[in-house]
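Trainee: I have a structure here, written as structure tokens, and I will follow up with some questions on it.
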Amino acid sequence: MARRIGKGLSELLANIEDERVQAPAMESAGEAVYQIDLESISPNPDQPRKYFNEDAQRELQESIKVHGILQPLILAKRGDGYIIVAGERRYRAAKAVGMATVPALVKRIDDSLMREISLIENLQREDLNPIEEAEAIDELIRLNGYTQEKLAQRIGKARSSVTNILRLLGLDDEVKELVRQNRLSAGHARALAAVANREAQVDFAFRAADGEMSVRELEQRIKFFLHPETAPRKLSPKERERLSGEMRAFVDDMKRVFATKVKLVGNESKGRIYIDYFSRDDLERIYELIEKLKNI
1 MARRIGKGLS ELLANIEDER VQAPAMESAG EAVYQIDLES ISPNPDQPRK
51 YFNEDAQREL QESIKVHGIL QPLILAKRGD GYIIVAGERR YRAAKAVGMA
101 TVPALVKRID DSLMREISLI ENLQREDLNP IEEAEAIDEL IRLNGYTQEK
151 LAQRIGKARS SVTNILRLLG LDDEVKELVR QNRLSAGHAR ALAAVANREA
201 QVDFAFRAAD GEMSVRELEQ RIKFFLHPET APRKLSPKER ERLSGEMRAF
251 VDDMKRVFAT KVKLVGNESK GRIYIDYFSR DDLERIYELI EKLKNI
């Protein structure tokens, strides 16, 4: 389906002169949209995106079969052909469904500006993986000398978000690869960035990969790793046995007091207590008992 070009990219394109080409054209929003032969188009070898999600690509192909390409590609003239500045996913999908031509804007763009547009176009996509996003942001900063504040405005993100994304570049290469493969989420990656010890970081990453540990669980384990004094004290077998006996006795006492089924789920640190009732009268009886206990 069509996707609105982000503010930063549309502002850039508005100031770039169109390239006049010999191809069928139509006017759209004041710009010439050409039908360009697919065979004359080449992907950008410096495309920031390295991984293309197969499921998302298939969805795009199905959409193009039904609706066509609603958002023109952006191309630059190179020799007798064209190179993709923005829209490689649409190009791949069009190729997969057997289209002969694609709608495109053809702009006079040098290699430096082409790189900036490619980076911004990718950053304004929602399915860019966190490492690709961090690398693209870092390159934009180096390419144009942007401050984090300026770049955040340029791509429509909060400055704190840009800062957190850039922290991911400090991750170990093995961890980055897990993120690139979508085996770890952005939340997992942000939690791992706090672990300076590379060996520990990689170990945590592989234990959390493929949904084996939630972000919350990983954050908790990292907290205990970085601050061992906050970790729950491990009990000796004798202490566990004593506490287990005390908890069983506690549940038995509650059963006698409330004269109903009582269940405890958890351990000595945290858990839940369930008190069953089987009728309204039963509930009122338990309520009255609790009221009496409150006044003791």
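The numbering of the sequence shown is full-length UniProt numbering, which starts it at 1 and goes up by one. Every residue gets a Cβ at the ideal spot worked out from N, C-alpha and C, and that includes glycine.
1. Can you tell me the Cα-Cα spacing of T147 and L123, whole angstroms?
2. Determine the direct distance from the alpha carbon of Q71 to that of R3, and round the result to whole angstroms.
3. Am I right that L226 and A205 are in contact with their C-beta atoms under 8 angstroms? What's the rounded C-beta distance?
4. Mapping DSSP to helix, strand and coil, what is D110?
5. Decide if G170 is buried, meaning its Cβ has at least 16 other Cβ atoms within 10 Å, or exposed.
6. Under 8 angstroms between the Cβ atoms of V102 and I36?
7. For Y82, count neighbouring C-beta atoms within 10 Å of its own C-beta (all shown protein chains included) and say buried if the count is 16 or more, exposed if not.
8. Just checking my contact of F250 with I275 at CB under 8 angstroms: how many whole Å lie between their CB atoms?
9. Going by the CB atoms, is the gap between A93 and I64 shorter than 8 angstroms?
10. Just to confirm, are E88 and Q57 a CB contact at a threshold of 8 angstroms?
11. I'd like to know whether the C-beta atoms of P130 and I165 end up nearer to each other than 8 angstroms.
12. Tell me where the alpha helix (DSSP H) around V175 begins and ends.
13. Can you give me the Cβ contacts of R90 inside the same chain, cut-off strictly under 8 angstroms, excluding the 5 residues immediately before and after it?
14. Smallest Cα separation from P43: which of L184, K77, V33, Y34?
15. Among V106, N144, K150, I120, which one has its Cα closest to the Cα of A136?
16. What first and last residue would you give for the beta strand (DSSP E) that runs through D210?
17. Hey, out of P45, T260, G271, whose CA is closest to F278's CA?
18. Taking all protein chains shown into account, decide if L283 is buried (16 or more other Cβ within 10 angstroms of its Cβ) or exposed.
19. Name the DSSP beta bridge partners of P45, please?
20. Whose C-beta lies closer than 7 angstroms to the C-beta of A209 among residues of the same chain, with five residues either side of it excluded?
Mentor: With the given structure in hand:
1. Whole-angstrom Cα-Cα distance: 16 angstroms.
2. Model confidence at R3 stands at a pLDDT of 38, short of 50, so the residue's coordinates are unreliable; what they give is reported in the following sentence. Rounded to the nearest whole angstrom, the C-alpha separation of R3 and Q71 is 7 angstroms.
3. 15 angstroms between Cβ atoms; not a contact.
4. Coil.
5. G170 should be labelled exposed.
6. Yes, Cβ-Cβ distance for V102 and I36 is below 8 angstroms.
7. The residue is buried, with at least 16 neighbouring Cβ atoms inside 10 Å.
8. In this structure, F250 and I275 do not form a Cβ contact; the two beta carbons are roughly 13 angstroms apart against a cut-off of 8 angstroms.
9. It is a contact, given that the beta carbons lie within the stated cut-off.
10. No, the Cβ-Cβ distance between E88 and Q57 is not below 8 angstroms.
11. Cβ distance < 8 angstroms, so P130 and I165 count as in contact.
12. Element bounds for V175: 173-180.
13. Closer than 8 angstroms at Cβ, skipping near neighbours: L60, I64, I69, Q71, L73, V102.
14. The shortest C-alpha separation from P43 is found at K77.
15. Closest by alpha carbon: I120.
16. Taken as a continuous stretch (DSSP letters only), D210 belongs to no beta strand (DSSP E), as it is neither H nor E.
17. Nearest neighbour of F278 by Cα position, chosen from P45, T260, G271, turns out to be T260.
18. Residue environment for L283: exposed (fewer than 16 other C-beta atoms within 10 angstroms of its C-beta).
19. DSSP, once it has assigned bridges, lists no residue as partnering P45.
20. Setting aside the 5 residues that flank it on each side, A209 is surrounded in the same chain by L178, R183, L184, each with a C-beta closer than 7 angstroms to its C-beta; the list follows chain order.
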